[in-house]
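Enquirer:
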Amino acid sequence: MTVDHPTAAGTPSRIPPGQRHVQGWPVSHYGPVPRFRPERWSLRVHGATSAERNWTFDELAGLPHRTVVADLHCATGPTSTDHEWYGIPATAVLDVVPPTPAVTHVMAWAEYGYAANLRLADFATSETLLATHHNGEPLTAEHGFPLRLVVPHLYGYKSPKWLRAIEYLTEDRRGFWEERGYHNIADPWQEQRYSYQEQEGDGPTLPAA
Ligand SMILES: Nc1nc2c(c(=O)[nH]1)N[C@H]1C(S)=C(S)[C@@H](COP(=O)(O)O)O[C@H]1N2
Ligand SMILES: [Mo]
Numbered sequence: 033m034t035v036d037h038p039t040a041a042g043t044p045s046r047i048p049p050g051q052r053h054v055q056g057w058p059v060s061h062y063g064p065v066p067r068f069r070p071e072r073w074s075l076r077v078h079g080a081t082s083a084e085r086n087w088t089f090d091e092l093a094g095l096p097h098r099t100v101v102a103d104l105h106c107a108t109g110p111t112s113t114d115h116e117w118y119g120i121p122a123t124a125v126l127d128v129v130p131p132t133p134a135v136t137h138v139m140a141w142a143e144y145g146y147a148a149n150l151r152l153a154d155f156a157t158s159e160t161l162l163a164t165h166h167n168g169e170p171l172t173a174e175h176g177f178p179l180r181l182v183v184p185h186l187y188g189y190k191s192p193k194w195l196r197a198i199e200y201l202t203e204d205r206r207g208f209w210e211e212r213g214y215h216n217i218a219d220p221w222q223e224q225r226y227s228y229q230e231q232e233g234d235g236p237t238l239p240a241a
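Residue numbers for the sequence shown follow our numbering, so the first one is 33 and each next one is one higher.
Given below as structure tokens:
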């Protein structure tokens, strides 16, 4: 669900501070769009668990599914609205592949080594989805077909397209953009865009510039 957040002036807004609403749905990513090869594809859930799994795409159909309507906030400014996502809730993955009690974070891995780190609590929200569909249609190639993560309450770089693995971590590690100057937590309502804004405890120490 999309919630209205109070602005400084006290009027509710659904567009986070410093963001601009854009019509339609821009495509935004680094690098090429991968081709889906079903026979070579799997979703691996691994790391700190005794129940590691490796699902083929067809096997994902056996997991619970739900719909989430949410906005998408790219940290470079555009917010596109009213995306209807359909897919597997992250909570279902956590149920089927329980992390050990020591797990604090997850790394969401995509094709070509793209990755985004998330606090376990951010991954575990009821709105976090491993999405296969958008507005009733399978994802298009450029938006992440066959599977992408959607973490609606964080900036878009925490929502890897072309998702291939979830790794359970017992300590935090930076993902692709988090290593390259973007904020480790990425809450758009707090405008956590850049790593220089990080406070003590927000993430692993960065090498000195
Ligand atoms: N694999 C992969 N996923 C990615 C990215 C990327 O570079 N590679 N970019 C992220 C960023 S910065 C944003 S804003 C969203 C954009 O999603 P969209 O292209 O579907 O609008 O995808 C995210 N997922
Ligand atoms: Mo982005």
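Glycine included, every Cβ here is placed at the ideal spot set by N, Cα and C.
Quick caveat: nothing in here was measured; it's all calculated off a predicted structure.
Strictly by DSSP, which residues pair up with Arg-225?
Expert: Per the DSSP secondary-structure output, Arg-225 pairs with nothing in a beta bridge.
Enquirer: Would Thr-81 and Val-128 qualify as a contact pair, given that the criterion is a beta-carbon distance under 8 Å?
Expert: no
Enquirer: Return the first residue and the last residue of the beta strand (DSSP E) that Asp-103 is part of.
Expert: 98–105
Enquirer: Do the region 47–58 and the region 88–98 meet, that is, are 3 or more Cβ pairs less than 8 Å apart?
Expert: no
Enquirer: Are the CB atoms of Pro-121 and Thr-160 within a distance shorter than 8 Å?
Expert: yes
Enquirer: Measure from the alpha carbon of Thr-202 to the alpha carbon of each residue in His-78, Arg-69, Thr-136, then state which is nearest.
Expert: Thr-136
Enquirer: Suppose you measure from the CA of Glu-174 to the CA of Tyr-228; what does that come to, to the nearest Å?
Expert: 30 Å
Enquirer: Please name the residue, chosen from Ala-107, Arg-85, Trp-141, that lies closest to Pro-131 on a Cα-to-Cα basis.
Expert: If we check each option's Cα against that of Pro-131, Arg-85 comes out closest.
Enquirer: Considering Cα atoms alone, identify which of Glu-143, Gly-109, Ala-83 is closest to Arg-69.
Expert: Glu-143
Enquirer: Please list the terminal residues of the continuous beta strand (DSSP E) segment that includes Val-138.
Expert: 137–142
Enquirer: Could you compute how far the alpha carbon of Ser-191 sits from the alpha carbon of Val-182?
Expert: 5 Å
Enquirer: Below 8 Å on the Cβ atoms is my guess for Gly-119 versus His-165; work out the distance and round it to an integer in Å.
Expert: 7 Å
Enquirer: Tell me the DSSP secondary structure of Asp-114 in three-state form.
Expert: strand
Enquirer: Rounded to the nearest angstrom, what separates Trp-73 and Leu-162 at their Cα positions?
Expert: 15 Å
Enquirer: Establish whether the CB of Tyr-189 and some CB of chain B are separated by less than 8 Å.
Expert: The displayed structure is made up of one protein chain only, and chain B is not part of it.
Enquirer: According to DSSP, is Tyr-146 helix, strand or coil?
Expert: coil
Enquirer: Using alpha carbons as the reference points, say which of Pro-239, Glu-232, Pro-220 lies closest to Asp-103.
Expert: Pro-220
Enquirer: Hey, Pro-110 and Val-65: beta-carbon distance below 8 Å or not?
Expert: no
Enquirer: Measuring only the C-alpha atoms, how far is Met-33 from Val-101?
Expert: A caution first: Met-33 carries a pLDDT of 49, below 50, which makes its placement in the model unreliable, though a value can still be read off. Their backbone Cα atoms lie some 6 Å apart in a straight line.
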